[in-house]
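Position one of the sequence shown corresponds to residue 1 (the UniProt record's numbering), numbered consecutively onward. Don't be surprised by glycine CBs; every beta carbon is placed ideally from N, CA and C. Model, not experiment: these values are computed from the prediction. Reviewing the structure listed below.
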Amino acid sequence: MNLLWLTFFLPLLGYVLLAFSRGRWSENLSATVGVGSVGLAALVTAWVGMDFFNHGKQAFTLPLWTWMSVGNFTVAFNLVLDGLSLTMLSVVTGVGFLIHMFASWYMRGEEGYSRFFAYTNLFIASMVILVLADNLMLMYLGWEGVGLCSYLLIGFYYTDPKNGAAAMKAFIVTRVGDVFLAFALFILYNELGTLNFREMVELAPQHFAAGNTMLQWATLMLLGGAVGKSAQLPLQTWLADAMAGPTPVSALIHAATMVTAGVYLIARTHGLFLMTPEVLHLVGIVGAVTLVLAGFAALVQTDIKRVLAYSTMSQIGYMFLALGVQAWDAAIFHLMTHAFFKALLFLSSGSVILACHHEQNIFKMGGLRKSIPLVYVCFLVGGAALSALPVITAGFYSKDEILWGALASGHQNLMLAGLVGAFLTSIYTFRMIFIVFHGEEKIHAHAGKGITHHLPLLVLLVLSTFVGALITPPLAGVLPESDLGHAGKTTLEMASGAVAIIGILIAAWLWLGKRTLVSAIAKSAPGRLFSTWWFHAWGFDWLYDAIFVKPFKAIGWLLQRDPLNALMNIPAILSRFAGRGLLLSESGHLRWYVASMSIGAVVVLALLMVLH
């Protein structure tokens with residue numbers, strides 16, 4: 001396990017080499033360095049993982065150096081490996097490697113090929129630091145690193161102003177969450193004198209009484225940071241626009257790295273949230289509301305990547321729901337399975353987009369199952385896992401654990417929200433599949449070729465089935481175990497399975513047989529209202545534009561001439577006018593002097609007469 005440092009050093013080295021190559025390397029050499037560095041990091045992860053299991057799953061800390069020391073404030077650059085960080089590390093490097101391999105095919109011929117892999121390598125290195133950090137300050141370093149890389153990658157095609165605007169939007173909205181997380185750091189260090197995760201969990205019960213206000217503020221700020229990075233209500237608006245980047249970037253952000261960081265943060269600081277049950281319950285409510293809102297928004301999208309973006313928002317909502325009802329294992333289990341099938345869906349969508357000559361509108365596609373059969377099968381398996389099709393998909397097992405955790409802990413309303421979300425998921429997912437791959441062929445597609453295209457899809461396809469659900473994260477001793485029993489669990493599994501199947505059948509009925517009915521509903525007055533409302537993500541962008549953006553621009557317009565500077569110039573202006581007034585009295589004209597003296601004498605005499 002002493003090789004743990006290589007998991008972030010190898011991608012970081014790849015970034016440095018690619019950055020200093022300045023784009024002069026060939027595509028093959030750039031791909032070798034970019035993909036190879038992450039592949040080696042995945043191999044190191046497998047090695048330290050086996051070592052971890054051979055040592056009885058005991059948590060291991062690898063001290064590297066003292067990062068900063070100012071007075072009593074000391075932050076160590078230490079890495080910690082336990083069941084939770086090993087699970088996250090395996091997802092980041094394993095799924096990240098498959099995405100990098102696919103990207104080496106997808107990005108061929110694109111300008112900035114080596115720049116792309118430089119950014120993604122830095123992305124992986126930042127995420128590894130985030131998940132292996134043994135203290136909140138070091139996690140914050142990785143946290144900001146993935147935020148920077150998301151800006152660079154979302155705006156990769158920077159010549160288009162829309163892409164630059166999407167990158168800036170993602171950067172600013174996630175920075176709002178980062179400010180909340182910084183506040184949490186300040187509060188926790190001020191109260192506990194440490195930012196080490198293990199020490200904070202040990203000291204918190206001794207320092208904070210039940211219902212302590214400062215601890216509630218600290219956990220609220222942690223939640224604020226989590227909702228920003230994981231695109232949950234109310235900071236969810238950046239995620240759909242993040243589709244501006246290359247499709248492998250979407251897979252990397254949505255499946256393996258960035259959006260799961262908020263879930264990991266809450267899971268890692270679970271000891272603090274357990275002492276503030278009101279805030280923990282709020283976590284579940286935020287997740288439940290987000291998953292339902294995102295489900296309705298996905299129902300009316302026309303861009304294949306935006307459908308998947310809203311599905312990511314919804315699935316992360318399930319993870320927050322699980323955290324809120326203290327189904328810790330279920331949240332991390334779903335995080336893992338979601339990485340498998342969402343990476344599969346995004347990479348498959350990238351293959352569809354290239355096959356259709358960069359077309360992303362699903363209504364301009366159709367009948368593609370014959371021309372790209374492998375991608376069609378990948379969409380079927382990935383879509384079934386996303387919809388939690390019973391027994392055969394990985395998503396069924398992880399999502400049912402979440403629903404069961406909500407029901408068994410007495411949160412029936414959250415469980416019902418989860419079922420509604422599952423129903424919507426199956427409808428919008430298979431709506432997309434039926435429109436793209438069935439019906440009349442509207443565009444001639446060319447199937448992708450090569451091992452770098454096929455292998456990542458096939459591996460993720462297998463992991464998206466029940467095979468992926470056989471992988472059990474080693475979370476014992478890291479997260480609290482909840483004995484919820486099994487009474488009624490089978491009934492819930494049958495109900496959730498039926499919901500998924502009914503949703504798929506409704507999608508088939510509407511988009512394979514009754515498209516005229518769909519058109520009639522969409523053209524009706526209520527249909528136009530709701531479709532427009534949902535298409536624009538419930539109007540949150542409009543609301544934030546009215547509340548924050550336009551007032552900010554108005555203030556900027558008022559300040560463009562620097563009124564403070566003008567205020568500071570008032571004494572100078574007054575002295576200038578005074579000087580001009582004095583110049584009038586020193587005109588050199590004798591008549592003016594006599595007249596002014598006479599007027600002054602008359603005024604003085606008048607005052608004397610009035611006063612006496």
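Report, in whole angstroms, the separation of the C-beta atoms of residue i and residue j, which I expect to be a contact under 8 angstroms.
| i | j | result |
| --- | --- | --- |
| VAL292 | VAL420 | 6 angstroms |
| GLY96 | ILE124 | 5 angstroms |
| LEU510 | VAL518 | 5 angstroms |
| SER426 | ALA507 | 7 angstroms |
| ASN163 | ALA244 | 4 angstroms |
| LEU222 | THR269 | 6 angstroms |
| TYR318 | ILE402 | 5 angstroms |
| PRO456 | PHE102 | 4 angstroms |
| LEU239 | THR159 | Actually they are not in contact, since the Cβ atoms of LEU239 and THR159 sit about 23 angstroms apart, beyond 8 angstroms. |
| TRP105 | THR452 | 4 angstroms |
| VAL91 | MET336 | 6 angstroms |
| ILE435 | GLY527 | The pair is not a contact, with the Cβ atoms about 17 angstroms apart (cut-off 8 angstroms). |
| VAL259 | ILE253 | 6 angstroms |
| THR247 | PHE346 | 6 angstroms |
Measuring straight from C-alpha to C-alpha, what distance separates residue i and residue j?
| i | j | result |
| --- | --- | --- |
| VAL459 | ILE471 | 14 angstroms |
| GLY83 | LEU299 | 37 angstroms |
| ARG108 | PHE117 | 12 angstroms |
| ASP303 | LYS342 | 16 angstroms |
| ARG115 | GLY23 | 7 angstroms |
| TYR364 | TYR376 | For the record, residue 364 in the displayed sequence is Lys; it is not Tyr. Distance between the alpha carbons of LYS364 and TYR376: 17 angstroms. |
| PHE208 | LYS550 | 42 angstroms |
| LEU505 | THR429 | 12 angstroms |
| VAL16 | ILE187 | 35 angstroms |
| GLU27 | ALA182 | 40 angstroms |
| ILE433 | GLY94 | 27 angstroms |
| LEU274 | LEU280 | 7 angstroms |
| residue 633 | ALA445 | The structure shown does not extend to residue 633, since the chain is modelled only from 1 to 612, so the question has no answer here. |
| TRP404 | ASN72 | 46 angstroms |
| VAL381 | TYR397 | 15 angstroms |
| TRP143 | ALA170 | 14 angstroms |
| PHE340 | ALA330 | 15 angstroms |
| residue 614 | ALA566 | Examination of residue 614 is not possible in this model, given that the chain is present from 1 through 612 alone. |
| ALA288 | LEU233 | 10 angstroms |
| THR194 | GLY228 | 24 angstroms |
| TRP538 | THR32 | 44 angstroms |
| TYR189 | VAL70 | 14 angstroms |
| LEU86 | LEU79 | 11 angstroms |
| ALA166 | LYS489 | 43 angstroms |
| THR237 | GLN315 | 15 angstroms |
| PHE423 | ILE99 | 29 angstroms |
| ALA394 | VAL467 | 7 angstroms |
| ARG515 | PHE552 | 45 angstroms |
| MET415 | GLY503 | 17 angstroms |
| ARG561 | ILE555 | 11 angstroms |
| ALA59 | PHE197 | 13 angstroms |
| residue 684 | ILE570 | Coverage of the chain is limited to positions 1 through 612, which leaves residue 684 absent and any answer about it impossible. |
| GLY39 | THR257 | 16 angstroms |
Residue i bridges to which residues according to DSSP?
| i | result |
| --- | --- |
| TRP65 | PHE77 |
| ASN196 | ASN135 |
| LEU479 | ALA476 |
| residue 668 | Nothing can be reported for residue 668, as the shown portion of the chain is limited to 1 through 612. |
| THR465 | THR393 |
| VAL70 | PHE73 |
Let me know if residue i comes out buried or exposed under the rule of 16 or more other beta-carbons within 10 Å of its beta-carbon.
| i | result |
| --- | --- |
| MET568 | exposed |
| PRO563 | exposed |
| GLY262 | buried |
| CYS121 | Contrary to the premise, residue 121 reads as Asn rather than Cys in this sequence. ASN121 comes out buried. |
| ARG576 | exposed |
| ASN2 | exposed |
| ILE154 | buried |
| LEU574 | exposed |
| TRP542 | exposed |
| GLY56 | exposed |
| SER598 | exposed |
| HIS334 | buried |
| GLY588 | exposed |
| residue 696 | Because the chain is modelled from 1 through 612, residue 696 falls outside the range shown and cannot be assessed. |
| PRO473 | buried |
| ARG591 | exposed |
Determine, for residue i, whether the minimum Cβ-Cβ distance to residues of chain D falls below 8 angstroms.
| i | result |
| --- | --- |
| LYS553 | Absent from the structure is chain D; it holds one protein chain and no more. |
Segments assigned alpha helix (DSSP H), at least 4 residues, entirely inside the stretch 362 to 401: 373 to 386
What are the start and end residues of each continuous alpha helix (DSSP H) run of 4 or more residues lying completely inside the stretch 291 to 361, in chain order? Segments of the alpha helix (DSSP H) lying fully in the stretch 291 to 361: 304 to 324 and 328 to 355.
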